[in-house]
Amino acid sequence: EKDIYVLGIETSCDETSVAVVKNGRDVLCNVIASQIESHKRFGGVVPEVASRHHVEQVTLIIEEALTEAEVTLGDLDAVAVTEGPGLVGSLLVGVHAAKALAFANNLPLIGVHHIAGHIYANHLVDTLKFPMLSLVVSGGHTELVVMDEHGSFKVIGETRDDAVGEAYDKVARTIGLPYPGGPAIDQLAHEGEPSIDLPRAWLEPDSYDFSFSGLKSAVINTLHNAKQRGEEIEASTLAASFQESVIDVLVGKTMKAARDYGVQQICLAGGVAANKGLRERLSTACEEEDYSLIIPPLSLCTDNAAMIAAAGTFQFMRGETSEMDLNARASFPL
Ligand code: KG4
Ligand code: ZN
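The sequence shown begins at 284 in the numbering used here and counts up by one.
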């Protein structure tokens, strides 16, 4: 059979990324230009600044990706792009670049859901086995997703307030760590003991939903109360306690859902999947209960275009292409 080459573009937040993926599996290149340095001084992503960077970068990065992949435009079978959800001004840059590329080269255009992309990052590691459960944890999402086959996504649980990554970033800011706070807290957590008792939001016994705003407030209150009493709390102790609470709930609910839905495989997806503590605890739980587990390497956990190209390849094979009126969608259900 003929090989399928898909070029993917991802610009939903603060990384401009372009990748070429062969057969939905082999990453020929995955160029990522991060804007973290530009946003750091604001303590978070500034949407206007992000869009401008994408505009400056996207065509250069498309060229760089094709060169690195040693692929010409004529070799491509389709152009996949993140359609949403994300920052609308950022998404628009990618969508327009993809449309121009598809139109000029007479290629099919494929709009991809950002979360589908995060889930399909796992296919770049190993073949997906269904029914499959994905724990999607990022700066904007916390979801448990069951898939019975390619392209079918059933969201069985989601956060009712903050996303996990958002909670990490807010707690980090409270402790005085720079943006993005997730990796810094993860690092600190490994230097401390989880000796502070923080809440775990299990919600109703049969709910797969999450809630992290109470935990975030508990961390802030703990720091505040200690300060009032003139006590010092080690940042590493607080980070370790926060992380332990987050991971207990994430892993606990994931394993319960895996049992309840009788899945074959568990996958971890999204930026917070880079978390060392979460990777370790989920691996151990899956070993104990004999579940096959895929965890993407760090470079495929945070936003990147290879995951978009991978998800796009499966859509392409099902004939799910987009029209030229494809629009960016800031909010977009899976
Ligand atoms: O998926 P992603 O790159 O962007 C979104 O689609 O949101 O996720 C970014 C989020 C940020 O909140 C960042 O702090 C968090 O992932 N993150 C981590 C770690 N690395 C990145 N959170 C916890 N531990 C980490 N090691
Ligand atoms: Zn993401």
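Note that the Cβ used here is the ideal one computed from N, Cα and C, for glycine as well.
Exercise. Kindly indicate which three-state DSSP category Q598 falls into: helix, strand or coil?
Key: helix
Quiz item: Nearest CA to the CA of L624: which residue from C296, E331 and V310?
Solution: No information on residue 624 is available, as it lies outside the stretch 284 to 617 that the chain covers here.
Quiz item: Start and end of the alpha helix (DSSP H) containing D309?
Solution: Note, D309: premise wrong, no alpha helix (DSSP H); beta strand (DSSP E) at D309 to S317.
Quiz prompt | Contact check, V376 vs E366, beta carbons under 8 Å | solution = no
Self-check item: Within 6 Å of the ligand ZN: residues by beta-carbon to any heavy atom
Solution: H397, H401, S421, G553, G554 and D586
Quiz item: Whose CA, out of Y574, S295, N306 and N587, lies closest to the CA of E284?
Solution: N306
Quiz item: In this structure, does DSSP put F495 in helix, strand or coil?
Solution: coil
Quiz prompt | C-alpha distance - D480 paired with Q548, whole-angstrom precision | solution = 32 Å
Exercise. Take the Cβ of H507 as the centre, count every other Cβ of all protein chains shown within 10 Å, and call the residue buried at 16 or more, exposed below.
Key: exposed
Self-check item: K437 - DSSP class collapsed to helix/strand/coil
Solution: strand
Exercise. Output yes or no for whether 8 Å exceeds the beta carbon distance between H424 and I398.
Key: yes
Quiz item: Any heavy atom of the ligand KG4 within a distance shorter than 7 Å of the CB on D469?
Solution: yes
Exercise. Could you name the residues of the same chain whose beta carbon sits closer than 7 Å to that of L581, not counting the 5 residues immediately before and after it, in chain order?
Key: A557
Practice problem: Check whether the Cβ atoms of L359 and Y288 sit closer than 8 Å, and answer yes or no. | Solution: yes
Practice problem: Return yes when the C-beta of P466 is under 7 Å from any heavy atom of the ligand COA, and no when it is not. | Solution: With respect to the ligand COA, the structure shown offers nothing to examine, as its ligands consist of the ligand KG4 and the ligand ZN.
Self-check item: Contact under 8 Å by Cβ, I402 with S605
Solution: no
Quiz prompt | DSSP beta-bridge partners of M430 | solution = M415
Quiz item: CB V529 to CB V438, shorter than 8 Å?
Solution: no
Self-check item: Contacting residues, own chain, Cβ-Cβ under 6 Å from V301 (five flanking each side not counted)
Solution: I292, V314, I344, I345, A348 and A588
Quiz prompt | Distance between M415 and E603 (C-alpha atoms, nearest Å) | solution = 22 Å
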